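Heads up: the protein sequence lines correspond to chains L and U, in order. Numbering follows the working numbering, with no gaps: position 25 of the first sequence is 25. For the working numbering, add 1000 to where a residue sits in the second sequence, where the first one is 1. Even glycine gets a Cβ: it sits at the ideal position worked out from N, Cα and C. Because the structure is a prediction, the values reported are computed rather than measured. Comments concern the structure below.
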Amino acid sequence: DIQMTQSPSTLSASVGDRVTITCRASESVSNALAWYQQKPGKVPKLLIYKATTLETGVPSRFSGSGSGSEFTLTISSLQPDDFATYSCQQHIRYPRTFGQGTKVEI
Amino acid sequence: EVQLVESGGALVQPGGSLRLSCGASGFSLSTYWMSWLRQAPGKRLEWVATINQDGTEKYYVDSVEGRFAISRDNAKNSLYLQMNSLRAEDSAVYYCARDRSGVEEYWGQGTLVTVSS
């Protein structure tokens, strides 16, 4: 199975900060990488797919980069609504696997 | 509007069985691959199973292979997950999701499965 590892696990930041989360795969997943946002008690929301493509309706302050085995999710200017847990997922091969999540907190 | 509504979660004893259902509305189920995912409290999201449009292709995470079965009834716009030989480690919120090229673009609200004596 492809192992997905995110860093950091927790990130403390302030409104307006630039935030970067890293996701590493145990082997290349090409660009088959998605990012999800999840707030406590809520359903995961797709933010980015194909490593860099923003899902419709997602604010442009979110961006994704990378290919192969190293990826980043960047929030250019953190907003109050962005405090949540972010998870990466590879879907190049079954089983699809997720990172452990990065909690962005105040 | 796309809506996915799961049902069937319950408290069940180890070794027991449960059938989860997911009702879809706002789109034609027959057009999409569909998946089940789960999340135990404080744990990472876990993909469980995926089924293609006509049910001829099914994929499972190793830990449920042979115990769980994903199926669908396109005429009823419904997705199912039959879970047998349940274990404590199967306890989680189970989500159904609509697939788009391997990513989960729409998620239901989830249904809670608790396996405990």
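- Message: Could you check whether Gln1053(U) and Ser1117(U) sit closer than 7 Å to each other, using their CB atoms as the reference points?
- Response: no
- Collapsed DSSP secondary structure at Leu1020(U) in the structure displayed: strand
- Item | DSSP state of Ser1035(U) mapped onto helix, strand, coil | strand
- Task: Please check if any C-beta of chain L sits within less than 7 Å of the C-beta of Glu1006(U).
- Result: no
- Task: In the DSSP assignment, find the beta strand (DSSP E) that holds Glu1104(U) and state where it starts and stops.
- Result: Val1103 to Trp1107
- CB-CB under 8 Å to Glu105(L), same chain, minus the five flanking residues each way: which ones, in chain order? Listed in chain order, the non-local C-beta contacts of Glu105(L) below 8 Å within the same chain comprise Thr10, Leu11, Ser12, Ala13 and Phe83, local neighbours out to five positions each way being set aside.
- Message: Using beta carbons (cut-off 7 Å, strictly below), is Tyr86(L) in contact with chain U?
- Response: Not closer than 7 Å to any Cβ of chain U, the Cβ of Tyr86(L) fails to qualify, so no.
- Nearest chain L C-beta to Trp1036(U) closer than 7 Å, yes or no? no
- Query: Assuming Ser1021(U) contacts Tyr1080(U) under a Cβ cut-off of 8 Å, what Cβ separation, rounded to an integer in Å, is found between them?
  - Reply: 6 Å
- Item | Minimum C-alpha distance to Thr1111(U) - residue among Glu1006(U), Val1002(U) and Trp1036(U) | Glu1006(U)
- Item | Rounded C-alpha distance that separates Ser87(L) from Thr22(L) | Near 10 Å, if we compare the C-alpha coordinates of Thr22(L) and Ser87(L).
- Is there a Cβ from chain L that is less than 7 Å from the Cβ of Glu1105(U)? yes
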